[in-house]
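For the sequence shown, full-length UniProt numbering assigns the number 1 to the initial residue and increments by one for each residue that follows.
Each residue gets a CB set at the ideal place from its N, CA and C atoms; glycine is no exception.
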Amino acid sequence: MWSAALLATAVLAVTAACGSGSGGGETADGKIKLRFSYWGSDARQKMTEEAIKKFEAKNPTIDVEGEFSDWASYYETLSTKVAGSDAPDVMSLEIRGLREYADRGTLADVTGKVNTADIDAKVLATGAIDGKQYAIPTGVNAFSLIVNKALVEQSKAELPDDKTWTWDDYVALANKITAGSGGKVIGTQLSWNPAYLQIYATQKGEQFYNGNKLGVTPATIKEWWSIMQNLIKGKGAPDAAKSAEIGATSIDQSLLGTNTGAMGMWWSNQLGAATKASGQQLDLLRMPKIKGATVGGMFTQPAMFYSASSKTEHAAEAAKFIDFMINDPEAGAIILSDRGLPASSKVLAAVRDKLPEADQKTLTFLEENKSELSDPPAAPPKGSSATEDIITRYSEEVMFGRMTPDDAAQKLITEVNASIAG
Numbered sequence: 001m002w003s004a005a006l007l008a009t010a011v012l013a014v015t016a017a018c019g020s021g022s023g024g025g026e027t028a029d030g031k032i033k034l035r036f037s038y039w040g041s042d043a044r045q046k047m048t049e050e051a052i053k054k055f056e057a058k059n060p061t062i063d064v065e066g067e068f069s070d071w072a073s074y075y076e077t078l079s080t081k082v083a084g085s086d087a088p089d090v091m092s093l094e095i096r097g098l099r100e101y102a103d104r105g106t107l108a109d110v111t112g113k114v115n116t117a118d119i120d121a122k123v124l125a126t127g128a129i130d131g132k133q134y135a136i137p138t139g140v141n142a143f144s145l146i147v148n149k150a151l152v153e154q155s156k157a158e159l160p161d162d163k164t165w166t167w168d169d170y171v172a173l174a175n176k177i178t179a180g181s182g183g184k185v186i187g188t189q190l191s192w193n194p195a196y197l198q199i200y201a202t203q204k205g206e207q208f209y210n211g212n213k214l215g216v217t218p219a220t221i222k223e224w225w226s227i228m229q230n231l232i233k234g235k236g237a238p239d240a241a242k243s244a245e246i247g248a249t250s251i252d253q254s255l256l257g258t259n260t261g262a263m264g265m266w267w268s269n270q271l272g273a274a275t276k277a278s279g280q281q282l283d284l285l286r287m288p289k290i291k292g293a294t295v296g297g298m299f300t301q302p303a304m305f306y307s308a309s310s311k312t313e314h315a316a317e318a319a320k321f322i323d324f325m326i327n328d329p330e331a332g333a334i335i336l337s338d339r340g341l342p343a344s345s346k347v348l349a350a351v352r353d354k355l356p357e358a359d360q361k362t363l364t365f366l367e368e369n370k371s372e373l374s375d376p377p378a379a380p381p382k383g384s385s386a387t388e389d390i391i392t393r394y395s396e397e398v399m400f401g402r403m404t405p406d407d408a409a410q411k412l413i414t415e416v417n418a419s420i421a422g
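Take a look at the structure:
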């Protein structure tokens with residue numbers, strides 16, 4: 001995972017760096033060269049390169065050079081380039097890193113430079129900070145539960161009514177799946193994603209961030225951990241050591257992706273990747289609720305954003321490339337839902353019939369649950385890029401029994417608050 005300290009240091013350095021700007025400059029044959037950074041799987045790289053070729057065919061005076069890396073090294077590589085005044089012209093960001101980059105002057109305001117007429121205003125607003133549009137959302141998704149129904153049924157367990165099930169039901173189901181399969185299939189995989197804690201906290205009536213402080217109480221964090229402890233105790237999830245090991249892997253190597261687990265929590269746009277990895281039919285479920293909760297806590301969020309460097313020497317061309325990736329139906333037909341279901345309503349309408357079955361399920365799931373999903377959250381405080389690492393670290397300490405939940409919850413809150421204090 002990427003380090004908030006490294007990121008903050010890097011983007012601070014770029015504000016003091018002297019260089020003459022960033023970006024690709026020109027090619028030997030006089031074409032304008034744009035550099036575009038992004039992360040992902042081999043499949044994403046292949047489809048992105050195909051979209052780039054389509055853009056270049058439509059814009060013969062522009063060459064786009066993709067700078068691709070896996071997720072684990074993406075932000076470290078990008079922040080190093082930014083610190084050295086060598087930022088790509090166009091870069092992919094996620095919401096946790098947006099304010100970090102924008103507040104340091106790394107990103108260009110693209111208000112009015114990219115067509116956003118067909119993007120939902122609430123989704124678009126997530127890429128704006130202090131009235132400036134620093135990022136354009138690629139598409140939307142929701143943090144959900146993915147289930148392999150066949151493995152559930154083979155374990156002689158029954159699928160829940162996901163409109164009414166509780167966290168106790170979730171634990172009981174996972175434990176039953178493991179027992180019913182003789183341990184060949186594990187019920188579920190633990191997740192320490194902040195989105196999971198955010199959903200649970202919302203069900204308790206708590207905000208995840210309250211200004212520049214974590215809004216989640218120690219009691220809620222301890223309750224959240226107790227779900228995981230009960231799963232480990234009942235063997236519905238792997239033990240602490242195995243959970244820590246698989247928690248650092250991609251969805252391809254997850255229990256769900258390798259057909260050794262029946263459930264897992266992932267972003268909805270990852271259903272396609274999980275389905276491809278497992279080779280089986282997978283489905284999305286609503287997250288369980290706390291008994292008596294009046295809201296489910298699930299929310300939509302941009303899968304990622306495209307941003308232009310404030311240092312680019314080719315601002316117009318950078319904006320043109322972003323516009324193409326967001327608004328061109330031909331780009332949409334190549335990328336489909338890999339970066340979330342297309343943010344542009346026109347592109348979504350153009351490609352919906354072309355979406356693979358798994359992506360059709362994702363679209364149906366989001367449309368059916370639209371009334372239950374909260375509005376996309378605003379970009380979190382600067383420093384929030386460290387939150388997932390902090391949550392993961394203290395969660396593992398509790399699961400391994402090296403810290404008490406009381407002590408770990410207090411230290412987690414203190415450390416997150418220090419990171420986002422501004």
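Once DSSP output is grouped into helix, strand and coil, what is the label at residue i?
i	result
E94	coil
F365	helix
A308	strand
S385	helix
V185	coil
K289	strand
Q133	strand
V147	strand
P342	strand
T275	helix
W224	helix
G21	Residue confidence for G21 is low, a pLDDT of 49 falling below 50, so the modelled location carries little weight and cannot support an answer.
T404	coil
W192	coil
H294	The sequence shown places Thr at residue 294, rather than the His named in the question. In the structure shown, T294 sits in coil (DSSP, three-state: anything other than H, G, I, E or B).
T166	strand
E415	helix
May I have the straight-line CA-CA distance separating residue i from residue j, to the nearest angstrom?
i	j	result
F299	K31	43 Å
K311	S85	8 Å
T202	F324	36 Å
A248	A240	13 Å
A83	E313	17 Å
W333	D89	Residue 333 is actually Ala in this sequence, not Trp. Those two C-alpha atoms are separated by around 24 Å.
I322	R35	12 Å
D29	I52	18 Å
residue 441	M304	Since the first residue shown for the chain is 1 and the last is 422, residue 441 is missing from the structure and cannot be characterised.
A378	Y209	10 Å
D407	D118	48 Å
G211	R96	15 Å
K46	A219	46 Å
A316	N417	39 Å
Just confirm the distance between the C-beta atoms of residue i and residue j, as a whole number of angstroms; I'd bet it's less than 8 Å.
i	j	result
S385	E76	Not confirmed; about 12 Å, so no contact.
E396	A244	5 Å
I390	L282	Wrong, their Cβ atoms sit about 30 Å apart, outside the cutoff.
K122	P376	6 Å
T188	G261	6 Å
A172	Y134	Not a contact, Cβ separation roughly 45 Å.
K156	G180	4 Å
According to DSSP, which residues form a beta bridge with residue i?
i	result
residue 428	Outside the displayed span of the chain (1 to 422) sits residue 428, for which this structure offers no information.
S37	E67 and M91
T61	None, per the DSSP bridge assignment.
L214	Y209
Q301	N141
G112	None; G112 has no bridge partner.
S374	F299
D283	V147
L107	S309
residue 425	In this structure the chain extends from 1 to 422, so residue 425 is not present and cannot be described.
A128	Q133
Could you tell me whether the region 317 to 332 touches the region 348 to 360, where touching means 3 or more Cβ pairs closer than 8 Å? yes
Any chance the region 157 to 167 sits against the region 285 to 295, with 3 or more Cβ pairs inside 8 Å? yes
Cβ pair count under 8 Å reaching 3, the region 224 to 240 against the region 396 to 407: yes
Is there contact between the region 263 to 280 and the region 49 to 66, where contact requires at least three CB pairs shorter than 8 Å? Flag = no, the region 263 to 280 and the region 49 to 66 do not touch.
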